[in-house]
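Below is one structure; the comments refer to it alone.
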Amino acid sequence: MTDNTSATDGSKRILLVCRHAPYGTSLARESIETALAAGALGVDITLLFINDGVWQLYNHQQVSVIAAKNHGAMLSALPLYGVERLLVDEKSLSERGIKASNLTDIAEVIDKDQVKHLLANCKVILSF
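Under our numbering, think of the first position of the sequence shown as 25, with each following residue one higher.
So, in structure tokens, the structure goes:
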């Protein structure tokens with residue numbers, strides 16, 4: 025795990041903590057839109073998916089049942105905007121019975137100690 029306190033050029037990195045399921049509120053979509061916008065501006069962004077936020081990375085979403093748009097396309101666009109660190113809390117996955125193999129390929133599973141380190145060492149945190 026890398027230190028998340030400052031980018032190599034001296035600018036601050038931003039941690040976006042994604043806690044909400046992908047549908048039901050606009051928070052999940054807003055977190056991805058924030059990451060895309062910040063990435064386009066050259067800001068160093070890390071996304072941390074915890075609690076029900078891990079569902080945002082689940083590959084087998086059937087949004088046609090609820091007449092919603094799957095924001096998987098937005099997630100897959102993140103690397104194009106320089107957003108390459110999508111971290112997922114291992115405990116949150118376990119509590120929901122989700123296997124890492126069922127997540128998007130760009131996500132990295134981290135344990136609780138890594139989550140604690142990330143939160144403790146990041147100066148700018150936005151929670152969605």
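All C-beta atoms, glycine included, are put in the ideal place defined by N, C-alpha and C. Only a predicted model underlies this, so the values are computations on that prediction, with no experimental measurement involved.
Check                                                                                                                                                : Outcome
Helix, strand or coil for residue 78 per DSSP?                                                                                                       : helix
In terms of alpha-carbon separation, which member of 84, 65, 117, 93 lies closest to residue 50?                                                     : 93
Ignore the nearest five residues each way along the sequence and tell me which others in residue 59's own chain have a CB closer than 8 Å to its CB. : 40, 69, 71, 102, 105, 107
Consult DSSP for residue 50 and reduce its assignment to one of helix, strand or coil.                                                               : coil
Compute the Euclidean distance between the alpha carbons of residue 114 and residue 127, then round it to the nearest angstrom.                      : 12 Å
In angstroms, rounded to a whole number, what distance separates the CA positions of residue 109 and residue 55?                                     : 14 Å
Compare the C-alpha of residue 134 against each of 95, 116, 146, 120 and name the closest.                                                           : 116
Taking the alpha-carbon of residue 122 as reference, which of 73, 48, 62 has the nearest alpha-carbon?                                               : 73
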